[in-house]
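Position one of the sequence shown corresponds to residue 2 (our numbering), numbered consecutively onward.
Using N, Cα and C, we set each Cβ at its ideal position, and we do this for glycine too.
Keep in mind that this is a model prediction, so the values were computed, not measured.
First the structure, in the form of structure tokens, and then the observations on it.
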Amino acid sequence: MSEQRVNFGSKLGMVLATAGSAVGLGNVWRFPYMAGQNGGATFIIIYIVCVLLLGLPCILGEFIIGRHGAANTARAYSRISGGSPWRFVGYMGVLTGFLITGYYAVVSGWCLQYIFASFMGELNGDPAYISRYFADFSSSPLRPVLWTVAILAATHFIIIRGVRQGIERASKAMMPTLFILLLIVVVSSCMLPGASKGVEFLFRPDFSKMNGSMLLAAMGQSFYSLSIGMGCLCTFASYFSRQTNLVRSAANIIAIDTFIAILAGLMIFPAAFSVGINPDSGPSLIFITLPNVFQQAFASMPLIGMLVAVLFYILLSLAALTSLISLHEVSTAFLSEEFRMPRPRAALVITVVCSVIGAFCSLSIGGRDWLVVCGKSLFDVFDFVTGQLLLPFGGFLTCIYLGWFAPRKIVRDEFTNWGTLSGRFFSLYLLLVRFVCPICIMLIFLNQLGLIG
Ligand code: TRP
């Protein structure tokens with residue numbers, strides 16, 4: 002393993018790029034609607050427990066394998082496992098990351114459309130109109146496909162610049178921008194009359210509402226939001242230096258990701274409650290409920306309302322883009338290293354193929370018969386197979402491998418940076434990856450297949 006691998010140029014760049022992978026639609030779109038549907042504060046508390054107990058060890062697992070392998074996810078798994086069948090877990094991660102890229106780009110493309118739609122005032126109208134607007138737009142044959150290709154093209158141009166000049170620089174510019182926009186929208190939302198009810202919904206738990214399916218939903222969400230199970234973290238960790246403190250970095254990532262998810266809640270719930278709209282509409286929350294909320298909440302100052310909406314969709318697009326970069330990088334690194342392709346050519350292949358997959362996903366939303374598989378649109382199939390099947394499965398196998406089969410010395414060396422850092426938590430870590438994580442993930446898995454819960 003003597004070859005020189007590129008590293009992130011600075012600690013800040015490394016943290017922001019990895020946090021950029023984690024912070025995405027999962028935080029600003031999925032987390033608020035899950036919290037909205039599952040009773041707010043109670044869900045958030047369970048979610049935080051899941052992040053600590055399940056997310057942190059899984060992130061660390063990918064970091065350990067990635068930095069040790071110093072190569073794309075498939076080769077990293079192959080290296081640590083000495084070419085045993087465990088290497089297929091790495092191949093599966095690459096495949097999953099690849100498949101989800103196109104589908105993730107579709108939803109990211111919708112965010113771009115909504116920047117323009119809110120700017121042009123296309124979203125002004127009654128609730129029925131806004132709902133129809135979304136249905137018409139998302140199922141139309143051309144526009145969503147163009148936006149999908151556009152956001153993949155943006156990703157492409159960042160990826161081809163490489164790890165330092167591309168991914169790291171873009172993350173250093175985009176993450177702070179995202180954060181500032183987030184704060185502006187949070188403040189505007191919390192200043193609305195009656196906003197305190199939303200804040201209360203977020204922070205005052207009602208434990209009588211707790212139930213099993215909530216627990217499982219929170220576990221699934223922690224996986225999705227932290228980018229676990231698709232080789233993203235493993236690929237990024239292959240660019241970490243030997244000085245990087247893996248435990249501390251993982252802790253930083255979960256802190257940033259959770260903080261941003263909660264801020265996203267603080268953007269959405271106070272505004273929704275101030276106009277008496279219940280934020281439990283599910284996936285359509287940000288594309289149907291929210292335009293309504295913005296419009297009604299700022300009815301007396303339409304210009305500010307428009308501005309807040311535009312800023313909101315810009316920050317959503319930025320969050321999506323940084324995650325898309327990490328997904329794209331998984332496949333690009335794989336293709337360029339395993340097939341010895343120059344990076345720009347590998348990136349082009351991935352961009353083109355993912356655009357085609359994305360286009361089909363997008364087209365399938367309009368109920369086109371030839372894109373329906375097993376009674377579900379192609380979009381839903383991708384969402385289900387990748388997000389709900391392969392993602393927990395990859396995380397599960399990684400934990401089992403690290404806990405039971407991986408050379409213990411390598412795991413300990415990576416954990417403690419070859420003995421230079423304290424190994425105080427190492428036995429706790431082993432306990433988590435050997436028992437706690439696999440069992441919990443198994444439960445999420447069975448629940449999402451509808452077998453329990
Ligand atoms: N974590 C991202 C989000 O919150 C999505 C994402 C990027 C992801 N890469 C991933 C999810 C890998 C699972 C696995 O939107």
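Residue i, DSSP secondary structure in three states
{"i": "Val373", "result": "strand"}
{"i": "Ser363", "result": "helix"}
{"i": "Ser282", "result": "coil"}
{"i": "Ser239", "result": "coil"}
{"i": "Ser140", "result": "helix"}
{"i": "Ser378", "result": "strand"}
{"i": "Asp414", "result": "helix"}
{"i": "Glu123", "result": "coil"}
{"i": "Phe44", "result": "helix"}
{"i": "Ala300", "result": "coil"}
{"i": "Arg409", "result": "helix"}
{"i": "Leu422", "result": "coil"}
{"i": "Asn253", "result": "helix"}
{"i": "Ala25", "result": "Note that residue 25 is Gly in the sequence shown, not Ala. Here Gly25 sits in coil by DSSP."}
{"i": "Arg346", "result": "helix"}
{"i": "Thr399", "result": "helix"}
{"i": "Phe394", "result": "helix"}
{"i": "Ser318", "result": "helix"}
{"i": "Thr245", "result": "coil"}
{"i": "Ser275", "result": "helix"}
{"i": "Val7", "result": "coil"}
{"i": "Asn39", "result": "coil"}
{"i": "Ile60", "result": "helix"}
{"i": "Arg435", "result": "helix"}
{"i": "Ile116", "result": "helix"}
{"i": "Ile269", "result": "helix"}
Proximity test, residue i beta-carbon vs the ligand TRP heavy atom, cut-off 7 Å
{"i": "Ile159", "result": "no"}
{"i": "Val24", "result": "yes"}
{"i": "Met231", "result": "yes"}
{"i": "Ser223", "result": "no"}
{"i": "Gly27", "result": "yes"}
{"i": "Ser327", "result": "yes"}
{"i": "Ser228", "result": "yes"}
{"i": "Ser324", "result": "yes"}
{"i": "Leu61", "result": "no"}
{"i": "Leu319", "result": "no"}
{"i": "Leu390", "result": "no"}
Burial state of residue i, where buried means 16 or more other Cβ atoms lie within 10 Å
{"i": "Ala129", "result": "exposed"}
{"i": "Val188", "result": "exposed"}
{"i": "Asn39", "result": "buried"}
{"i": "Cys233", "result": "buried"}
{"i": "Val7", "result": "exposed"}
{"i": "Cys375", "result": "exposed"}
{"i": "Gly70", "result": "buried"}
{"i": "Asn212", "result": "exposed"}
{"i": "Pro280", "result": "buried"}
{"i": "Ile445", "result": "buried"}
{"i": "Asp384", "result": "buried"}
{"i": "Phe32", "result": "buried"}
{"i": "Arg249", "result": "exposed"}
{"i": "Thr333", "result": "buried"}
{"i": "Met302", "result": "exposed"}
{"i": "Ser85", "result": "exposed"}
{"i": "Pro142", "result": "exposed"}
{"i": "Val353", "result": "exposed"}
Contacts around residue i, its chain only, beta-carbon distance under 6 Å, and the 5 residues preceding and following it disregarded
{"i": "Phe89", "result": "none"}
{"i": "Ile442", "result": "Pro393, Gly396, Phe397"}
{"i": "Ala118", "result": "Leu124"}
{"i": "Thr149", "result": "Ala106, Val107, Gly110, Gly359, Ser363"}
{"i": "Ala347", "result": "Thr333, Leu336, Ser337"}
{"i": "Arg344", "result": "Ser337"}
{"i": "Ala18", "result": "Ile168, Glu169, Ser172"}
{"i": "Met268", "result": "Val186, Val187, Ser190"}
Close beta carbons around residue i, own chain, < 7 Å, minus the five adjacent residues each side
{"i": "Leu193", "result": "Pro271, Ala272, Ser275, Ala298"}
{"i": "Leu391", "result": "Met93, Thr97"}
{"i": "Met2", "result": "Low local confidence applies: a pLDDT of 45 at Met2 is under 50, so the model's placement there is unreliable, and no value is given."}
{"i": "Gly283", "result": "Tyr34, Gln38"}
{"i": "Ala155", "result": "Leu322"}
Beta-carbon proximity list for residue i, same chain, < 8 Å, skipping 5 on both sides
{"i": "Leu53", "result": "Ile255"}
{"i": "Phe241", "result": "Asn8, Phe9, Met15, Phe64, Gly67, Arg68, Leu247, Ser250"}
{"i": "Gly368", "result": "Ser140, Ser378"}
- What residue ranges within the stretch 64-101 form continuous alpha helix (DSSP H) runs of no fewer than 4 residues, ordered along the chain? 74-81
- Message: Could you tell me which whole alpha helix (DSSP H) segments of length 4 or greater appear in the stretch 151-234?
- Response: 170-191, 197-204, 213-226
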